[in-house]
Structure formats: structure tokens, C-alpha cells
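K.L.:
Quick note, the sequences are listed as chains A and B, same order.
Each residue of the first sequence is one higher than the one before, counting from 103 in the numbering used here.
Each residue of the second sequence is one higher than the one before, counting from -9 in the numbering used here.
For each residue, glycine too, the CB sits at the ideal point set by N, CA and C.
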Amino acid sequence: MATVPKVEVGTDYKEKYGFFVPEEYVFKAKRGLNPEIVKEISWMKQEPEWMTNMRLRSLEIFRKKPMPKWGADLSVIDFENIFYYLKASDKQSKTWEELPPDIKATYDRLGVPEAERKFLAGVSAQYESEVVYHSLQEDLTKKGVIFTDTDSALRDHPELFKEYFGTVIPPADNKFSALNTAVWSGGSFIYVPKGVRVDIPLQAYFRINAENMGQFERTLIICDEGSFVHYIEGCTAPIYTTDSLHSAVVEIIVKKNARCRYTTIQNWSTNVFNLVTKRAMAYADATMEWVDGNLGSQITMKYPSVYLMEPGAKGDVLSVAFAGKGQHQDAGGKMIHVAPNTTSTITSKSISKGGGRTSYRGHIKIYPGANNCKSFVKCDALLLDDESRSDTYPYNDVDAENVTLGHEATVSKVSDEQLFYLMSRGIPRGEAETMIVNGFIEPFTKELPLEYAVELNRLIQLEMEGSVG
Amino acid sequence: MADFEIKDLRASVEGRQILKGVSLDVSKGEVHAVMGPNGSGKSTLSHTLMGHPGYTVDGGSVLFKGQNVLELEPDERARLGMFLAFQYPVVVPGISMTNFLRTALNSKRGYDGKDKSKQVTPKEFRSMLKDELEVLHMDDSFLPRYINDGFSGGEKKRAEILQMAMLRPEIAILDETDSGLDIDSIKFVADAVNRMRGPELGILIITHYTRILEFIKPDFVHVLVDGKFVLSGGSEVADRLEKTGYSEWGKEETAQPQEVA
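1. Checking contacts by CB at 8 Å: is residue 190 of chain B closer than that to chain A?
2. Check distances from the C-beta atoms of the region 40 to 53 of chain B to those of chain A and list, in chain order, the residues that come in under 9 Å.
3. Is the number of C-beta pairs between the region 156 to 176 of chain B and the region 19 to 38 of chain B that are closer than 8 Å three or more?
4. When burial is assigned at 16 or more other CB atoms within 10 Å of the CB, is residue 224 of chain A buried or exposed?
5. Can you check whether the CB of residue 12 of chain B is closer than 8 Å to the CB of residue 194 of chain B?
6. In three-state DSSP terms, what is residue 169 of chain A?
7. What does residue 94 of chain B touch in chain A if you count any residue whose Cβ is under 9 Å from its own?
8. Could you check whether residue 252 of chain A and residue 291 of chain A sit closer than 8 Å to each other, using their CB atoms as the reference points?
9. Checking 8 Å against the spacing of the C-beta atoms, do residue 422 of chain A and residue 435 of chain A come in under that value?
10. Would residue -6 of chain B count as contacting chain A if we go by Cβ distances under 8 Å?
11. Can you give the Cα-Cα distance for residue 510 of chain A and residue 137 of chain B, rounded to whole angstroms?
12. Please confirm if the region 39 to 58 of chain B is in contact with the region 68 to 80 of chain B, defined as three or more CB-CB distances below 8 Å between the two stretches.
13. Give the secondary structure of residue 179 of chain B by DSSP, where H, G and I count as helix, E and B as strand, and everything else as coil.
14. When the distance is taken between beta carbons, is residue 462 of chain A closer than 8 Å to residue 415 of chain A?
15. Taking residue 206 of chain B and residue 183 of chain B to be in contact with their CB atoms under 8 Å, please state how far apart those CB atoms are, rounded to whole angstroms.
16. Pick out whichever of B/82, B/-2, B/-7 has its Cα sitting closest to the Cα of residue 218 of chain B.
17. Quick check on residue 540 of chain A - is its C-beta less than 8 Å from some C-beta in chain B?
18. Less than 8 Å between CB atoms is the rule here; does residue 63 of chain B satisfy it with respect to chain A?
19. Pull up the distance between the alpha-carbon of residue 103 of chain B and that of residue 75 of chain B, whole angstroms please.
20. Got a sec? Which residues, its chain only, sit under 7 Å from residue 200 of chain B by beta carbon, not counting five neighbours each side?
21. Can you have a look at residue 160 of chain A and say buried or exposed, based on whether 16 or more other CB atoms are within 10 angstroms of its CB?
22. Where does residue 300 of chain A fall in DSSP's three states?
23. Using 8 Å as the threshold, is the C-beta distance between residue 91 of chain B and residue 128 of chain B below it?
24. Please report how far the alpha carbon of residue 279 of chain B lies from the alpha carbon of residue 53 of chain B, in whole angstroms.
25. What is the DSSP secondary structure of residue 282 of chain B, reduced to helix, strand or coil?
26. From residue 125 of chain B to residue 181 of chain B, what does the alpha carbon distance come to, in whole angstroms?
27. Could you list which residues in chain B have their beta carbon closer than 9 Å to that of residue 518 of chain A, in chain order?
28. Pairing CB atoms from the region 523 to 534 of chain A with CB atoms from the region 487 to 500 of chain A, are three or more of them under 8 Å?
29. Pick out whichever of B/86, B/28, B/156, B/27 has its Cα sitting closest to the Cα of residue 186 of chain B.
30. Name the two residues that bound the continuous beta strand (DSSP E) containing residue 526 of chain A.
31. Does the CB of residue 115 of chain B have a neighbour CB from chain A at under 8 Å?
32. Please confirm whether residue 517 of chain A and residue 485 of chain A have their CB atoms less than 8 Å apart.
33. In the structure shown, what three-state DSSP assignment does residue 238 of chain B receive?
34. Relative to the C-alpha of residue 265 of chain A, which residue among A/475, A/564, A/319, A/354 is closest?
35. Does the distance from the CB of residue 393 of chain A to the CB of residue 363 of chain A come in under 8 Å?
Here it is, written out as C-alpha cells:
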């Protein structure tokens, strides 16, 4: 683990993560949501009729479904005061130089091209609702790997797209998956053919850069038999004063003997509502791994899930949540054991500070006949002060025989002994606390590529300093 | 004037006074041993000197470099040049020893993330580590491990002395450093400490038993009983304790350790 450099909050933070460039849009929809806006989005994108109809159907479902009341308080979201579609650039760029200057400036400061040069196979950078920059190494293309934005995929790979889109998470799954299906734009589409292993992580950077703008990206990943891919999505959003809604849908299909890892680190600004549906289907002897880090946002509700559809399937969720002042991180995972001899683990680490609230919410379901399944859930919460809060809501439904189900939960505080020990070596209190927190989430950090691990430690440091006083 | 002056130090734990007026002068170049039976206040002395939040200072002062260190935070005391080798080193999961040592060294040098010239260079760091690991008969494999996590008793104590060697304090307090150590480990630890002995370092060894004093010869020995020094002298005091234990102060405890297998 690298030593975390000092950052001055209020200056560096704005400089590094909170900056924004003046808006300049080719097309900007009106605020609010109605069938006309949905049709307009579909028309702008020149979509086939089936998609237009699916969007309209989804809008109906969204309107009919009540707001979920079982989790965080969502009553403050004003759906009529949100932009549902923006297009920042009228064309996609293949190279860095072709990008519009203001967009380029934003990404330069985030260090995307540098990251790409270092180790990335492809970059699909989402600026507002459209993917504006995209590249993929040639050898991957030769192997038949498709890594593109979801809009292009609908246009360029219509059959593959139609076969899988909405099959893992149908519009009617929940209110926000319906909303996403009605107004989705952008996101990543990945297809890895049979037996192909993508050894370098594929990654997309996402940013929200307009006030009151909803971002509804839609990601679809298909890992064909015996393939492997690691997809990374990192988010840092600028600071704004009015509310912003992020409601993504991520669908993943992992076929026989394939393995997919999906890594997210999100650092939304503290006014963002982050309501995401992520689900994977894992077939025979397939492995699905969600690595999910949640920082920032006002409210996050996110429970990556794996449906273990055939024997030998394996699902993993490893998540970290950090809730500072005024934040509620309601996160966890779901494992649905449909077939026998399937295994799952959920490891959740949460940190609350300055009155922040974290909730672990998890569901393990084992269907009748899904015998000999194993599932293990471990959730550890770290509270940094007395005002902060952490809750655990585990739900288990077991309807099969010979099932091993484990659940372990701990709540702890930064101990005086640890703090004294580190400080007795000359390390100042704040830095010592940050070290202890970074140590606590190390089981998560060590699963990340090095530069993400460094970035996460830095973000934790910002969070630690930001809520002081 | 001594370099490190403890004057009439009184301290309590959970409302109970343990140190009842302790005075001691330690100068650089000297090795002092504080010996005492169980419950005499040895741990309270070491923890109070370093500023553990669980110990309350009721009176007195500790002067070091013109400051009353009792008014400083533990990290400030450390940066001023104090070091405490813990009797029970604390486990901190998720942080490697390397990261810990580097962060501590940078803090000690006053690096606050800005002035890179104060930062220890990777090369310098590696070479310092290599030397000290050799003296302590430790190998590299211990560096990526988490702080004291899963360490044996001997490894923990050696790791403490490694930290001391890296941080180069001017006043070092060794709290029961020999407890739980086999004879080989004691020798390695003593070798490392003796190597550091010199005009730039004052050492305060806190111990129940005389054994470590065979390997690290003290210049002065002080006997602590019920929160006060009852006897001070040269190394002959240790010899006396070796024979009679703490019986002359009404404590039926030997000052010789149980043999460690």
C-alpha cells in the first residue's frame, strides 16, 4: 500500500475532483419526463422501433410502480426537475486529439490518457450521456472482442443486442430499472467470444458534468463460454449544489466456464442519488465477481447480485462503502442459488464518519432443489465517532437440503490502542486514523489494480479530512 | 542538567493513583533500568511518558529539549525524539510493516506530503532496513506482513527494536522488552540495542527481571515499588535483586525469570 500524500481539502479537492468546465451542448432535452421526451431521445439516436416501444413501455411501468420504501429515504427526488438526455458532442472520437477542447481538459485532469497508456486495453470515456472517446487495442478486435458504447452496439450489433438486452434485468424489475430502460443512454457493451481471455482490464470513466442531469447509462456484458474479462468503471463527479440522479442498469451474462469481474469505484459528489441495479447470470462452472466501492453521493442504493443458474456456478461480492456527514450508503449484495452445488460469498466493509450512515442489506435465496449449496456472508462496519450509524439487514430464504450458510457481522471503532501505537511512532492523529481505515478496507483494495488502489486510498483520505469540523 | 528529566511524576488509571511522585534524570549516553515487582507502576510509567490517553497525569513534569512533554500529543513526543518499545505491540490489520516504517520515518523527519526533500528515498530506506534486519536476524518476508499481525512473541519484540533502529530516537523506553523472549531472541534484541548505544541515545529499560540486564548492562538501576523509587544505584542493585528478589520491600517475587524452553 502506498503512502497517501496530503491533500488540502477545499483547495485541492475542488482542483482535483470538483472542477467543472462550462457546459456546451449540441442538444439538451427539456426538464422532466413524458412520452414525448422519451420519443425524442429515441428519435435523436435513430433507434429501431422495438427500442422506442420498449422505452415507452418502460416509462409506463416506471409511472405505475411506487417508490420503494424499504431502504433509504428517496422522497426528496423531484423527477420533474431532471434533464433526461444530453449529448455533449455530436460525434465520437477515436483519438484523444479529436476530442472537443473543454472535454479534453476535463479528462486530462483526470489522467485518463495517462492511465490508458499505462495498462488499459481500451478506454470508453463517458462524458454526459454519450460515449465520446473510445479505443480498443487491435489484437482484441482481431479476437472478436466487442467493447463499445451501448448506443453503438444497438446500431452495429443489433441481433446480439436484442438477444440479451433486458433479459437479466427486465424493465419491470424495479422502479429504477424501468426508468433506466425508458431513458437510457450510453454505458458499455462488451462481448467476449468463446474461449477468449482478455488479460488487461477494460475500463470506462464516467462523469456527470451538468446540473440537474440524470445519468442513465446501460451496460451489457456477455462472456461467452470459457472466456474471461475484467471490466473497470471508475467515477468521480464534480461538486454541485442541486440534486443529481444517477440510475444505471448493468446486466451481465457469464456462460459456462467463463469468468467475469466487474470493478467499480464511485465517488459521486454529495448531492447525487445513486440508485443502481446490477445483476449477473452465472451458468455452469462460471464465476461472477463484483468488486464495488461506494464513496460520496447523498444516497446510494446498490446491491449487486448473482443468479447462480447451473451447477458449479460461483458468485462473489466484495464491497466497500464510506458514508460521511449527511450521507447514507445502503449497499450489499444478493445471491440467488437456483441450481444445486453453487457457491457464493458476500464480503461487505463499511465506514461511517461524522454522522454518516451505512447499511448492509443482503439477500441469500436458495431455491427448492438447489441442494449442497454454500454461501458465506461477512460484514464488518467501522464507526469513526459516536454520531455515526451502521445497520445490518440480512435476509435468508433457504428451501433446499444440505445447505451451508454462514453469516458473520462485526461493528467496531477505531481503537485507542491502535491510534496510540501509530502516533507513538510520530504519525499525526489524522494520518494514523486514515491508515487504520485504509487498513480496514485493505481486503478490498488488494483486489484492485495498483493505480485504483492508490486512488481509493487518496479518496478515503479526502473523506477523512473533509468531514473534520 | 540532564537531557530528560522526570520530576515528581504522579499519574493515575481509572481514578486510582499509581505513580506517586517519580523523579529520574536520564542523559544521552546513559542506560537506566527501572525494576519493580508486579503492580509497582512500571507500565504506568512507560505509558504516561509516551502519552497514552488512558493514563491521567496528576502532577509533575517531564522536561525534554526545553519542553514539558506531558503537554504534547504522543506523535509530537515521538517527533521530538522519544520512543517506546511496547510490552504488548498492537496489531493493526491491513497495513504492511514496510508502509508503517516508511510512514513513521517520514513523519519523524517532518515530511507532511509537501517538502519532498524531507522524504526518505526508496534507496536510503532499503539500505537502512537491510542493515537493521540483519542485526536482528530477521528476513524480508516479515516486511509485507501486517503490523504485528500473526507475529510470534519474539517477532513482535524484534519488530519493536527494528522500529527504534529506523527512527533513531534520543530517549528510548524499552518496556518489558525481554518478556516472552527465548534466549536467542534476547541476544538479537540486545545486540541491536547495544549497537545503538552511544552519546546520542539515552535508554530507559523497564523490567521485572534481571535477565535482560545481563545483555544490556545498565549504568543505573532504580527500584520502583508502589509508585515510588525505593532504591537507586549502579548495576550492583541488579545483582542484589537477583539474589533477594523484591522481598525487602515486602513483595515475595523473584527478580529472576522462569526459564523459557
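P.N.:
To lay it out plainly:
1. Counting from one through the second sequence, the residue named residue 190 of chain B turns up at place 200. No - not a single Cβ of chain A is within 8 Å of the one on residue 190 of chain B.
2. Closer than 9 Å at the C-beta level to chain A, one finds these residues of the region 40 to 53 of chain B: 40, 41, 42, 43, 44.
3. These segments touch.
4. Along the first sequence, one-based indexing puts residue 224 of chain A at 122. At residue 224 of chain A the pLDDT is 49, less than 50, meaning the model places this residue with poor confidence and gives no usable figure here.
5. Counting from one through the second sequence, the residue named residue 194 of chain B turns up at place 204. Counting from one through the second sequence, the residue named residue 12 of chain B turns up at place 22. Cβ distance not < 8 Å, so residue 194 of chain B and residue 12 of chain B don't count as in contact.
6. In the first sequence, counting from the first residue as 1, residue 169 of chain A sits at position 67. Note: residue 169 of chain A maps to coil in three-state DSSP.
7. By one-based count along the second sequence, residue 94 of chain B stands at place 104. Chain order gives the chain A residues near residue 94 of chain B as 524, 527, 528, 529, where near means a beta carbon separation below 9 Å.
8. For the purposes of this step, residue 291 of chain A is identified with residue 189 of the first sequence, where counting begins at 1. For the purposes of this step, residue 252 of chain A is identified with residue 150 of the first sequence, where counting begins at 1. At the C-beta level, residue 291 of chain A and residue 252 of chain A come within 8 Å of one another.
9. For the purposes of this step, residue 422 of chain A is taken as the residue at position 320 of the first sequence. For the purposes of this step, residue 435 of chain A is taken as the residue at position 333 of the first sequence. It is not a contact, given that the beta carbons lie outside the stated cut-off.
10. By one-based count along the second sequence, residue -6 of chain B stands at place 4. Residue-level contact by beta carbon fails for residue -6 of chain B and chain A, as no gap is shorter than 8 Å.
11. Locating residue 510 of chain A in the first sequence gives position 408, counting from the first residue. Locating residue 137 of chain B in the second sequence gives position 147, counting from the first residue. In this model, residue 510 of chain A and residue 137 of chain B are separated by some 24 Å (Cα to Cα).
12. Output reads yes: the region 68 to 80 of chain B touches the region 39 to 58 of chain B.
13. Here the question's residue 179 of chain B lines up with position 189 in the second sequence. Helix at residue 179 of chain B.
14. Within the first sequence, residue 415 of chain A is the residue found at index 313, counting from 1. Within the first sequence, residue 462 of chain A is the residue found at index 360, counting from 1. Here residue 415 of chain A is not near residue 462 of chain A, since their CB atoms are 8 Å or more apart.
15. If you number the second sequence from 1, residue 206 of chain B lands on position 216. If you number the second sequence from 1, residue 183 of chain B lands on position 193. Contact between residue 206 of chain B and residue 183 of chain B holds: their C-beta atoms lie close to 5 Å from each other, under 8 Å.
16. On the second sequence, position 228 is the one that residue 218 of chain B refers to. Checking every option, the nearest Cα to that of residue 218 of chain B belongs to B/-2.
17. Here residue 540 of chain A refers to the residue found at position 438 when the first sequence is read from its first residue. It does: the Cβ of residue 540 of chain A has a partner Cβ on chain B nearer than 8 Å.
18. In the second sequence, residue 63 of chain B corresponds to position 73, counting from 1. At a cut-off of 8 Å between beta-carbon atoms, residue 63 of chain B makes contact with chain A.
19. For the purposes of this step, residue 103 of chain B is taken as the residue at position 113 of the second sequence. For the purposes of this step, residue 75 of chain B is taken as the residue at position 85 of the second sequence. If you take the alpha carbons of residue 103 of chain B and residue 75 of chain B, they lie about 27 Å apart.
20. Sequence index remark: in the second sequence, residue 200 of chain B carries index 210 (1-based). Within the same chain, residue 200 of chain B has close Cβ partners 228, 231, 232, 245, 246.
21. The sequence position of residue 160 of chain A within the first sequence is 58, counting from 1. The Cβ neighbour count for residue 160 of chain A, taken over all protein chains shown within 10 Å, is at least 16; the residue is labelled buried.
22. Within the first sequence, numbered from 1, the residue matching residue 300 of chain A stands at position 198. For residue 300 of chain A, the three-state secondary structure derived from DSSP is coil.
23. For this step, residue 91 of chain B is matched to residue 101 along the second sequence. For this step, residue 128 of chain B is matched to residue 138 along the second sequence. No, the pair does not count as a contact, with Cβ atoms beyond the cut-off.
24. It is not possible to answer for residue 279 of chain B, since the shown part of chain B is limited to -9 through 251.
25. Outside the shown range of chain B (-9 to 251) lies residue 282 of chain B, about which nothing can therefore be said.
26. As a working mapping, residue 125 of chain B is identified with position 135 in the second sequence. As a working mapping, residue 181 of chain B is identified with position 191 in the second sequence. Computed Cα separation, rounded: 7 Å.
27. Counting from one through the first sequence, the residue named residue 518 of chain A turns up at place 416. Those within 9 Å of residue 518 of chain A in chain B are 42, 43, 44.
28. Three or more Cβ pairs closer than 8 Å define a contact, and the region 523 to 534 of chain A falls short of that threshold against the region 487 to 500 of chain A.
29. Within the second sequence, residue 186 of chain B is the residue found at index 196, counting from 1. Each of B/86, B/28, B/156, B/27 was checked against the Cα of residue 186 of chain B, and the nearest Cα belongs to B/156.
30. The residue you call residue 526 of chain A lines up with position 424 of the first sequence. Annotation: residue 526 of chain A is outside any beta strand (DSSP E) and is labelled neither H nor E by DSSP.
31. Position 125 of the second sequence, counted from the start, is the residue given in the question as residue 115 of chain B. Not one chain A Cβ lies under 8 Å of residue 115 of chain B.
32. For the purposes of this step, residue 517 of chain A is taken as the residue at position 415 of the first sequence. For the purposes of this step, residue 485 of chain A is taken as the residue at position 383 of the first sequence. Result no, Cβ atoms of residue 517 of chain A and residue 485 of chain A do not sit closer than 8 Å.
33. Sequence index remark: in the second sequence, residue 238 of chain B carries index 248 (1-based). DSSP places residue 238 of chain B in helix when its eight states are reduced to three.
34. Residue mapping note: residue 265 of chain A aligns to position 163 of the first sequence, counting from 1. Selected option, being the one with the closest Cα: A/354.
35. Stepping through the first sequence from its first residue, residue 393 of chain A is reached at position 291. Stepping through the first sequence from its first residue, residue 363 of chain A is reached at position 261. Contact: yes.
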